[in-house]
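Note sheet for the following structure.
4 protein chains.
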Amino acid sequence: MKVGIIGATGYGGLELIRFLHNHQEVEKIELFTSSEEGAIFSEKFSHLARIVDRPLQKIDDEALKNLDVVFASTPSGVTSSLLLPLLQKGPKLIDLSGDFRLKNLASYEQWYKKTPAPQEAIEQSVYGLSEWNEQQIAEAHLIANPGCYPTAVLLSILPLIKENLIDPSFLVIDAKSGVSGAGNKPSQATHFSETNENFSIYKINEHQHIPEIEQAIAMFANVETKISFNTHLVPMTRGILATSYAAVRSGVTQQQLIECLQAKYAKHPFVRVIEEGSSIGTNRVKGSNYCDIYVQLDERTNRATIVGVIDNLVKGAAGQAIQNMNIQMNLPQTMGLQTVPLFI
Amino acid sequence: MKVGIIGATGYGGLELIRFLHNHQEVEKIELFTSSEEGAIFSEKFSHLARIVDRPLQKIDDEALKNLDVVFASTPSGVTSSLLLPLLQKGPKLIDLSGDFRLKNLASYEQWYKKTPAPQEAIEQSVYGLSEWNEQQIAEAHLIANPGCYPTAVLLSILPLIKENLIDPSFLVIDAKSGVSGAGNKPSQATHFSETNENFSIYKINEHQHIPEIEQAIAMFANVETKISFNTHLVPMTRGILATSYAAVRSGVTQQQLIECLQAKYAKHPFVRVIEEGSSIGTNRVKGSNYCDIYVQLDERTNRATIVGVIDNLVKGAAGQAIQNMNIQMNLPQTMGLQTVPLFI
Amino acid sequence: MKVGIIGATGYGGLELIRFLHNHQEVEKIELFTSSEEGAIFSEKFSHLARIVDRPLQKIDDEALKNLDVVFASTPSGVTSSLLLPLLQKGPKLIDLSGDFRLKNLASYEQWYKKTPAPQEAIEQSVYGLSEWNEQQIAEAHLIANPGCYPTAVLLSILPLIKENLIDPSFLVIDAKSGVSGAGNKPSQATHFSETNENFSIYKINEHQHIPEIEQAIAMFANVETKISFNTHLVPMTRGILATSYAAVRSGVTQQQLIECLQAKYAKHPFVRVIEEGSSIGTNRVKGSNYCDIYVQLDERTNRATIVGVIDNLVKGAAGQAIQNMNIQMNLPQTMGLQTVPLFI
Amino acid sequence: MKVGIIGATGYGGLELIRFLHNHQEVEKIELFTSSEEGAIFSEKFSHLARIVDRPLQKIDDEALKNLDVVFASTPSGVTSSLLLPLLQKGPKLIDLSGDFRLKNLASYEQWYKKTPAPQEAIEQSVYGLSEWNEQQIAEAHLIANPGCYPTAVLLSILPLIKENLIDPSFLVIDAKSGVSGAGNKPSQATHFSETNENFSIYKINEHQHIPEIEQAIAMFANVETKISFNTHLVPMTRGILATSYAAVRSGVTQQQLIECLQAKYAKHPFVRVIEEGSSIGTNRVKGSNYCDIYVQLDERTNRATIVGVIDNLVKGAAGQAIQNMNIQMNLPQTMGLQTVPLFI
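Protein chains in written order, with the UniProt record's numbering: chain U, 1 to 344; chain Z, 1 to 344; chain A, 1 to 344; chain C, 1 to 344.
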């Protein structure tokens, strides 16, 4: 297989390279850029010396259409126009931006404050939540790879909503992310001296992942709800932990909650239900494609606390994208992704 | 004034020293220990060379009872027995542990898994939430200094509950703390390599600050409720940020919410209502006695997001204790506490 | 006293405010800016709400010349032109940049790659290494406040060179700094995700503090030497630790080395000689104006290891500047600077 | 191949598992413990759920002697006695402790303050600096895997000493390490609140890696010298950067220095000579088996600054151990080790 990466110089792109480099079926990785044509990749990112010494290529439809898979790891608002010319062409397309996720164009415009992609393209796209949409992903030409927060949230709460064990009408989701989620462009908000030793809340009630989560709850659990969702910046580089709160249906037990999660994911290698008593932090999954989940019933309030942890750059971005490529290409889902979590 | 600190070698004790050293009315600080009698303090903590070169004293009722104020910064379960002999004696007592906070002895036993202090002592104690209990603190002999999480949570949510602007029946409080809250004793959970670059949730639905928050809501806002409350460990040393979620009463506006907070704290120097558009993180208050709060109405869900940030070791422990001492001693509340936040 | 700060929005400026706010003799602090005239300071830096709510003023010679002291905390190359018009006027001037430090104009041009200040201004300036130049500082009109690295290095090695206990002919100085030394302007090199969990060396053999250190060794110890000096970036915000290596003169003992340091600084409150067996890290001095120093003779090689630690923003910038102001104004050196180190 | 790990629960053991799990020729990994026999590994380290779910076995010579390779990742002083019974038996032995590194028993005793292994065992052992001792490693039965600091130092300075480009008589080596080098056992020195935001120097002139480096300089470059060597703790988890200083021989140029390094390592996949202008930090190699090196001539002083960076847990421990296993087993050196550096 020959694959291409548009936007290879971002963190999503670097992670795609990290995993694809050791993917058994990937023979060639071509790197595309809008602005740095000809630059030797390992001169720009010298940690990749002897690993990726080839030059960046100009984004060019001719070069792209001969590839088997094209990953777009460019910003929302930019990606859709780059991929549109390839839509009816040869390569499978996997977009890591938010451009093809929301089926409702007005919603995209409202939350992203950008012009949406054309309706036809949106309709063609398949939401790439690997463990919930495998059949459609396998047949998809264009995959909208899920956002980092939605991945951690949805994998942990969807089974409980779908099986009607929790009440989705007052769902509070409090999410925390490492700083790499903000990308590689320097800003005051990611300036070391002001980010380090500082835990902050941002985009209060305004994060663009809100409609994505609500849409997926409707899509996979058939429930319309409005969530409370807030995002926080943790002074670390990688990792997302999302804590969700919901009332449980009358009579539901802790055992039912846990078994619901276990049943759903028994055959899915990358989602692990955490054993009671284990420590639950982002280092469980660091550098790997796992999503680890947990639920605990608070009998005092009859509410459940539901936790999901991922590496935002892997299961929350590049890893899930490659998992989706594997599904599209009829390869084992784990191919190239069997990296053991770093833990420390 | 002569003050004493029992448990001076913990982080709470060190912060008491840091502020009391520059307190205009404190002439002498005596340091007491159960185990290291005679040790020169600055040999143990060499960052205090030339600042605190006196020896630690044995805990001795005779020595203690001649002081004006005694701070206890020893662990819950230990403190009550140390302070009981001093209860009817001269010094004002300020306890930073949880031993005198809960009025309900059974509740203490349930959440702390320890033997409670005697009923009479508990009854005498006054809950030291400075901005809500000033009158009683001024007259108190024994002050139960609030926990770190309750301080951040209560200061931010109490005005809104008391003024009936939010519905306390489904109150979700998601709190995050720096690692210094765990004290100075090494453990696997605070071992650098496993704490660094790791955001984790702990004591799910079991934190002993739950009954303290519920009791204070009843005490100051006259509302009985059961909260959902979870705590997370942030890979940083200082700071707490608590995010609370509640439905707002019908028709309540953003302006009403903000004005409610502003009205309550207009004359309280250490609680600041954050201006819209400001960044909201723990570095706003680092090293200082401020509690900064914010509320935002999500019109989409008609729920409010309420945020409180403190330095857990200052407003969440030693700083509030000194503020309470100032109130007891009829000094300006800000004396010795006018430290400007470090920010970076 | 009325003081002014030019460049108040940088980290040096913020630290000047932090200490001057609690300085007993400072009645008014005026803040000057080249670009943000009229902005309310606490709206820009909301951690200073209720503390510094006044507006930034335009840099204006008339306003400045009526002040008692003016601190310049603007970048090298900019500062000299801002201060020149004030040189013969009323206020004492304390410059935190490198513009007036090097007496040799060609050297400035070579290392800073900028146009030097005029010779007359350079000649007037006094190098503000407080513990080594007190007499001249007391009489100075214009003080060139030392660089952060030179402060940590010089305070630790100068006594040993001056007393001829070590051989300065092969002096290796390996220095490490927190990221705040790079200032508040975002860049790839200070972008959290690339700075965190990354220890790096930078400006190899090219740091502009090299000629400053060599000049001061000549000035205070009367020795001409060329040092090896390298700088490293530590993933933390505050603190410098400098490790120096030199052969000791024949027959010199550990006791002589330590006593040399102790003798020099016995009467200087801010330089502490660390006791053997103490841990030696930047947290000893965090947030404070101390410089802690240590020396250890390696009998195996007959070389000494010399260590100096400071908070780069305090003793390495704003703190030493205020110490110098105190000296100029005939106030106790410690006024406003008695902050206890945070330690954690 | 069947391999065993004694001391699997330490950080070295966890890294061995991380790489061996994806090693194409390793069919089975058995885990041995002295104290936790029967414990399911993934219950103790739940980040390894679904990856290493087998139980820990008792250390048992019978079980061990049927393996192909046994890694010992136990503390110095313990390891030698565990491996001695296996010395003449089937498995190849690779020891990650310091027990078999020093050929001089008195030196071991002096620096480690422990009883050395028997002379015969020491004589049998081969020092496993992969790029410098390949022939002997290939034939070795017992490999003494190098220390983390020596690996970073030796790979960067040995070529220059061997080719007589630098003068080894006054060699200053200033090394810095992340905290994981201290292992997984909690202590005050690795307690998060006191390690975070703190850069410190430790074991001044007393680190046990000093004789190891000197011995290797003698062994591979045929030069007897006494080095100055100090170690510092960086508030990060992984990574070592070592900065070395030496006078260069008269007339030697920057080009000669760089070419010397390039020539030595041209055919060694894991040692990369950094291009001029690249940033040089530990994130270049994070999580990978690379050692990146650099040299820069300071023409002003005619001394060279030599830098080596590694991931202390990989090239400085488990990675080099597996590289050595590959050499012993006549496999490609890179097998199982082609992990791309994480960078962030």
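For glycine and all other residues, C-beta sits at the position ideal for the given N, C-alpha and C. This structure is a prediction, so every number in the text was calculated from the model and none was measured.
The C-beta distance from PHE192/A to PHE229/U rounds to 23 Å, too long to meet the 8 Å contact threshold. In the three-state scheme derived from DSSP, where H, G and I count as helix and E and B as strand, ASP60/Z is classed as coil. Within chain C, HIS21, ASN22 have C-beta atoms less than 8 Å from the C-beta of GLN338/U, given in sequence order. Neighbours of TYR11/A across chain Z, judged by C-beta separation under 9 Å: PHE343, ILE344. Secondary-structure assignment with DSSP links ARG272/Z through a beta bridge to ASP292/Z. Close to chain C, meaning a Cβ-Cβ distance shorter than 8 Å, are the following residues of the stretch 297 to 322 of chain A: ASP298, ARG300, THR301, ARG303, THR305, VAL307. Pairing ILE240/U with ALA321/U gives a Cβ-Cβ distance that is not under 7 Å. For the stretch 266 to 297 of chain U, the set of residues with a beta-carbon nearer than 7 Å to any beta-carbon of chain A is empty.
By the 16-neighbour rule on beta-carbons within 10 angstroms, GLY178/C is buried. By DSSP's assignment, LYS92/A forms a beta bridge with VAL69/A. Only buried fits ASN283/U, as 16 or more other CB atoms lie within 10 angstroms of its CB. Across the stretch 200 to 231 of chain Z, CB contacts with chain U closer than 7 Å involve SER200, ILE201, ILE204, ASN205, LYS226, SER228, ASN230, in sequence order along the chain. The residue among VAL295/Z, GLY128/Z, GLU120/Z with its C-alpha nearest the C-alpha of SER278/Z is VAL295/Z. Sequence-distant Cβ neighbours of ASP53/Z in its own chain, meaning closer than 8 Å and more than five residues away, are ILE40, PHE41, SER42. Here the alpha carbons of GLN119/Z and PRO85/Z stand approximately 15 Å from one another. Chain U has no Cβ within less than 7 Å of the Cβ of PHE100/Z. Residue-level contact check: THR237/U touches chain C, since one or more beta carbons of chain C fall below 7 Å from its beta carbon.
Within the stretch 144 to 198 of chain C, the runs of beta strand (DSSP E) that reach at least 3 residues and sit entirely inside it are, in chain order, 172 to 177. In terms of Cβ geometry, THR231/U and ALA182/U do not form a close pair [threshold 7 Å].
Here DSSP, grouped into helix, strand and coil, assigns THR79/C to helix. For ILE6/U against ILE59/U, the beta-carbon gap comes to about 6 Å, under 8 Å, which counts as contact. With fewer than 16 other Cβ atoms from the protein chains shown falling within 10 Å of its own Cβ, ASN104/C counts as exposed. Under the Cβ distance rule, ASN196/Z counts among the residues neighbouring chain C, one pair being separated by less than 7 Å. Shown here, GLY12/U sits in a helix according to DSSP, grouped into three states. As the crow flies, the alpha-carbon of LEU56/Z is around 39 Å from that of ILE210/C. For chain U, the residues of the stretch 239 to 253 of chain Z that bring a beta carbon within less than 9 Å of one of its beta carbons are GLY239, ILE240, LEU241, THR243, TYR245, ALA247, in chain order.
In its chain, beyond the 5 residues on either side, ALA246, ALA247, VAL248, ARG249 have a beta carbon closer than 8 Å to the beta carbon of ASP167/Z. With a threshold of 7 Å between beta carbons, LYS176/A makes contact with chain C. Restricting attention to MET325/C, ALA317/C, THR195/C, ALA263/C, the CA atom closest to the CA of VAL234/C is found in THR195/C.
Taken through DSSP and simplified to helix, strand or coil, SER228/A comes out as strand.
By alpha-carbon distance to GLY90/C, the top candidate from GLU36/C, LYS2/C, LEU14/C, GLN110/C is LYS2/C.
Cα atoms of ASN198/A and GLU25/C: separation of roughly 33 Å, rounded to the nearest angstrom. Under the rule that a run must span 4 or more residues, the alpha helix (DSSP H) segments found entirely inside the stretch 280 to 335 of chain U read 319 to 328. For ILE51/U, the residues of chain C that pass the 7 Å Cβ criterion are VAL340, in the order they occur in the chain.
Chain-order list of chain A residues neighbouring SER193/C: ILE344, by C-beta distance under 7 Å. Closest by C-alpha distance to SER81/A, out of ASN66/A, ALA121/A, SER35/A, HIS47/A, is ALA121/A.
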